[in-house]
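> Its first residue numbered 15, the sequence shown is counted upward by one per residue in our numbering. C-beta: ideal position from N, C-alpha, C; glycine also. None of these values were measured; they are calculated from a predicted model. Have a look at this one.
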Amino acid sequence: MAFRRGTRLGVDVGTVRIGLARTDPEAIMTFPLETLHRVDDGSEFERLISLVEEYDVMEIIVGLPRHLAGGEGISAKGARRYARRIKKSLPHIRVAFVDERLTSHQAHQRLRAAGRCERSHREIVDQVAAQIILEHALEIERMSGNPPGDVLESPEQKGKGTP
Numbered sequence: 015m016a017f018r019r020g021t022r023l024g025v026d027v028g029t030v031r032i033g034l035a036r037t038d039p040e041a042i043m044t045f046p047l048e049t050l051h052r053v054d055d056g057s058e059f060e061r062l063i064s065l066v067e068e069y070d071v072m073e074i075i076v077g078l079p080r081h082l083a084g085g086e087g088i089s090a091k092g093a094r095r096y097a098r099r100i101k102k103s104l105p106h107i108r109v110a111f112v113d114e115r116l117t118s119h120q121a122h123q124r125l126r127a128a129g130r131c132e133r134s135h136r137e138i139v140d141q142v143a144a145q146i147i148l149e150h151a152l153e154i155e156r157m158s159g160n161p162p163g164d165v166l167e168s169p170e171q172k173g174k175g176t177p
């Protein structure tokens with residue numbers, strides 16, 4: 015399979031903030047995009063949907079926070095729940111999970127290397143983590159020739175054997 019062109023959105027789901035990053039339409043470069051602050055009524059989700067439409071996103075890659083040993087905990091359940099909400103609202107868009115172990119640590123390292131003071135990391139660290147998630151997904155696709163990650167099926171697809 016040839017490398018697919020099209021804008022991808024990376025999502026780093028947290029309990030307080032959601033970091034977003036995107037690729038260019040050729041899926042060559044990645045860019046930190048925005049940090050959404052979660053609110054009780056879920057209204058930040060509307061902003062995510064508008065960004066998907068604005069950038070004509072063809073795929074959403076959600077980071078799945080696994081433990082170092084590979085298991086899943088509460089954070090992974092939260093990411094899966096948020097991804098299901100995305101898929102329900104955007105059933106025509108491919109939503110997939112990629113392992114995001116240590117991306118926050120890598121994001122902090124990247125920001126330090128760029129000369130950002132530690133106090134200013136909170137504003138952008140989730141975006142950079144989402145960017146790292148996207149970079150990982152693009153690397154997987156370039157190396158394997160297949161779309162990255164574990165695909166989240168829409169409710170209509172379950173049981174039909176479609177990826």
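#1: Leaving aside the five residues before and after residue 45 along the sequence, list all residues of the same chain whose C-beta is less than 8 Å from its C-beta, in chain order.
#2: Sort out for me which residues DSSP pairs residue 51 with in a bridge.
#3: Among the candidates 69, 29 and 62, whose CA atom is the shortest distance from the CA of residue 101?
#4: Pick helix, strand or coil for residue 26, following the three-state DSSP scheme.
#5: Identify whether residue 157 lies in helix, strand or coil by the three-state DSSP scheme.
#6: In angstroms, rounded to a whole number, what distance separates the CA positions of residue 167 and residue 137?
#7: In three-state terms, what does DSSP make of residue 19?
#8: From the DSSP output, read off the bridge partner residues of residue 42.
#9: Quick one, are the C-beta atoms of residue 104 and residue 24 less than 7 Å apart?
#10: Using the C-alpha atoms, what's the distance from residue 57 back to residue 186?
#11: Return the chain-ordered list of same chain residues with a C-beta closer than 8 Å to the C-beta of residue 151, the five sequence neighbours on each side being excluded.
#12: Where do the N-terminal and C-terminal ends of the beta strand (DSSP E) with residue 63 fall, by residue?
#13: Can you check DSSP and say which residues form a bridge with residue 110?
#14: Is it buried or exposed for residue 26, if we count other Cβ within 10 angstroms and need 16 for buried?
#15: Under the DSSP definition of a beta bridge, which residues are partnered with residue 36?
Taking the definition as stated:
#1: In the sequence shown, counting from the first residue as 1, residue 45 sits at position 31. Taken in chain order, the residues that qualify are 35, 36, 37, 38 and 145.
#2: Your numbering for residue 51 matches position 37 in the sequence shown. Note: residue 51 is bridge-paired with 31 in the DSSP secondary-structure output.
#3: Here residue 101 corresponds to residue number 87 of the sequence shown, with the count starting at 1. The shortest C-alpha separation from residue 101 is found at 62.
#4: On the sequence shown, residue 26 is found 12 positions in, with the first residue counted as 1. Of the three classes helix, strand and coil, the one that applies to residue 26 here is strand, per DSSP.
#5: Translated into the one-based positions of the sequence shown, residue 157 becomes position 143. Correct three-state label for residue 157: helix.
#6: In the sequence shown, counting from the first residue as 1, residue 167 sits at position 153. In the sequence shown, counting from the first residue as 1, residue 137 sits at position 123. Each residue's alpha carbon lies about 32 Å from the other.
#7: Along the sequence shown, one-based indexing puts residue 19 at 5. It is coil, neither helix nor strand.
#8: The residue given as residue 42 occupies position 28 in the sequence shown. In DSSP, residue 42 forms no bridge with anything.
#9: Position 90 of the sequence shown holds residue 104. Position 10 of the sequence shown holds residue 24. No; because the gap between Cβ atoms is not below 7 Å, this pair is not in contact.
#10: The displayed coordinates of the chain run from 15 to 177. Any statement about residue 186 would go beyond what the structure contains.
#11: By one-based count along the sequence shown, residue 151 stands at place 137. Answer for residue 151: 22, 24, 75, 110, 112, 162 and 163, listed in chain order.
#12: Locating residue 63 in the sequence shown gives position 49, where the first residue counts as 1. Residue 63 -> not in any beta strand (DSSP E); alpha helix (DSSP H) instead, spanning 58-68.
#13: Counting from one through the sequence shown, the residue named residue 110 turns up at place 96. Its beta-bridge partners are 75 and 165.
#14: Stepping through the sequence shown from its first residue, residue 26 is reached at position 12. Burial call: buried.
#15: As a first step, residue 36 is located in the sequence shown; it is residue number 22 there, counting from the start. As computed with DSSP, residue 36 is found in a beta bridge with 23 and 45.
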